[in-house]
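**Student:** In the UniProt record's numbering, the protein residues as written are 1 to 273.
My questions will all concern the structure given below.
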């Protein structure tokens, strides 16, 4: 009888990453596209999401963005981890629009704005999940000074880190009795817990992390030279393969001397006694 995975193992097998916007090492068409191309494509999708107003336009953008996301071999569990905070935001925005403008006039604007926010953000999540750090820096250094490219890269790459920090802080504060569950935040009386127990600790952690990154960069000599090199694994492997092919096609120096020395000589036969 085949072994049936445990419930927790089955859940872990259905998702490829533990946190939102975390890089997922898959072999997909989106992973094979260059970082610059993905960045331009993401900007176009985000700009289209910001300009969409009609239900037909937003529906088409939802379909295109979803196909782009799934083409990266990301699961629906990954999608939920990437957009769940925005879904909770939509659960607050739509009722507020209905409360202010009435259900007839406020329902569609609330849905439209919530959908636009998710569609504006999702191409960036695909970029983070499908692009390695070296590829990002390699693409940015072609158009930006390496100081600016390093700043942009660190700002983008720390998005998954802060998602993880939000999860850890929320779990710790809930153990202390803070009311941070989504259904608890529907009550405005619990909003002070959100600010005091989650937002403030997250801001402190962000400032501390920025200071640690700055000290680490200074300790490694960041800014000592005008240009900076980056480790490129694919280029290293390609050069190593070309060098190996060249060595196989050309004889080594000792072998060539031996062949030249044996020219014109009779090759002795090997006899067995």
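For each residue, glycine too, the CB sits at the ideal point set by N, CA and C.
Does DSSP put residue 162 in a helix, in a strand, or in coil?
**Tutor:** For the purposes of this step, residue 162 is identified with residue 162 of the chain shown, where counting begins at 1. Note: residue 162 maps to helix in three-state DSSP.
**Student:** Whole alpha helix (DSSP H) runs in the region 110 to 193 with 4 or more residues, listed along the chain?
**Tutor:** The region 110 to 193 contains these whole alpha helix (DSSP H) runs: 133 to 140, 146 to 175 and 182 to 185.
**Student:** Can you tell me which of the three DSSP states residue 288 falls into?
**Tutor:** Because the chain here runs from 1 to 273, residue 288 falls outside it and cannot be looked at.
**Student:** When burial is assigned at 16 or more other CB atoms within 10 Å of the CB, is residue 78 buried or exposed?
**Tutor:** Locating residue 78 in the chain shown gives position 78, where the first residue counts as 1. So residue 78 counts as buried.
**Student:** First and last residue of the alpha helix (DSSP H) that includes residue 206?
**Tutor:** Within the chain shown, the letter at position 206 stands for residue 206. Per DSSP, residue 206 belongs to the alpha helix (DSSP H) from 200 to 219.
**Student:** Quick one: what's got a C-beta closer than 6 Å to residue 58's C-beta in the same chain, skipping five residues either side?
**Tutor:** To locate residue 58, count along the chain shown from 1; it is residue 58. Cβ within range, chain order: 52 and 115.
**Student:** So residue 127 packs on residue 38, CB below 8 Å; how close in whole Å?
**Tutor:** As a first step, residue 127 is located in the chain shown; it is residue number 127 there, counting from the start. As a first step, residue 38 is located in the chain shown; it is residue number 38 there, counting from the start. Contact holds; Cβ gap of about 5 Å.
**Student:** Could you tell me the distance, in whole angstroms, from the CA atom of residue 181 to the CA atom of residue 76?
**Tutor:** The sequence position of residue 181 within the chain shown is 181, counting from 1. The sequence position of residue 76 within the chain shown is 76, counting from 1. Approximately 22 Å between the Cα atoms of the pair.
**Student:** Note down the Cα distance separating residue 166 from residue 198, rounded to an integer number of angstroms.
**Tutor:** Working through the chain shown from its first residue, we reach residue 166 at position 166. Working through the chain shown from its first residue, we reach residue 198 at position 198. The alpha-carbon atoms of residue 166 and residue 198 are separated by roughly 7 Å.
**Student:** Among the residues of its own chain, which have a CB less than 6 Å from the CB of residue 130, if the five just before and after it don't count?
**Tutor:** Residue mapping note: residue 130 aligns to position 130 of the chain shown, counting from 1. Counting only Cβ-Cβ distances below 6 Å, and skipping sequence neighbours, we find 30, 31 and 72.
**Student:** Count the other C-beta atoms from every protein chain shown that fall within 10 angstroms of the C-beta of residue 67, then say buried if there are 16 or more, exposed otherwise.
**Tutor:** Within the chain shown, numbered from 1, the residue matching residue 67 stands at position 67. Exposed, by the Cβ-count rule.
**Student:** Please state whether DSSP places residue 22 in a helix, a strand or coil.
**Tutor:** For the purposes of this step, residue 22 is identified with residue 22 of the chain shown, where counting begins at 1. The answer is coil: DSSP assigns residue 22 none of H, G, I, E or B.
**Student:** Rounded to whole angstroms, what's the CA-CA distance from residue 36 to residue 111? Just pull it up for me.
**Tutor:** Here the question's residue 36 lines up with position 36 in the chain shown. Here the question's residue 111 lines up with position 111 in the chain shown. Near 32 Å, if we compare the C-alpha coordinates of residue 111 and residue 36.
**Student:** Measure the Cβ-Cβ separation of residue 20 and residue 160 and say whether it is below 8 Å.
**Tutor:** As a first step, residue 20 is located in the chain shown; it is residue number 20 there, counting from the start. As a first step, residue 160 is located in the chain shown; it is residue number 160 there, counting from the start. Yes, Cβ-Cβ distance for residue 20 and residue 160 is below 8 Å.
**Student:** So, with DSSP's three-state summary, where would you put residue 75?
**Tutor:** Working through the chain shown from its first residue, we reach residue 75 at position 75. In the structure shown, residue 75 sits in coil (DSSP, three-state: anything other than H, G, I, E or B).
**Student:** Touch check for the region 149 to 156 and the region 85 to 102: three-plus C-beta pairs under 8 Å?
**Tutor:** No: the two stretches stay apart, fewer than three of their Cβ pairs being nearer than 8 Å.
**Student:** Per DSSP, what kind of secondary structure is residue 54 in: helix, strand or coil?
**Tutor:** Taking the chain shown and counting its residues from 1, the one referred to as residue 54 is at position 54. Coil at residue 54, not helix or strand.
**Student:** Taking DSSP as the reference, what is the three-state secondary structure of residue 42?
**Tutor:** If you number the chain shown from 1, residue 42 lands on position 42. Helix, per DSSP.
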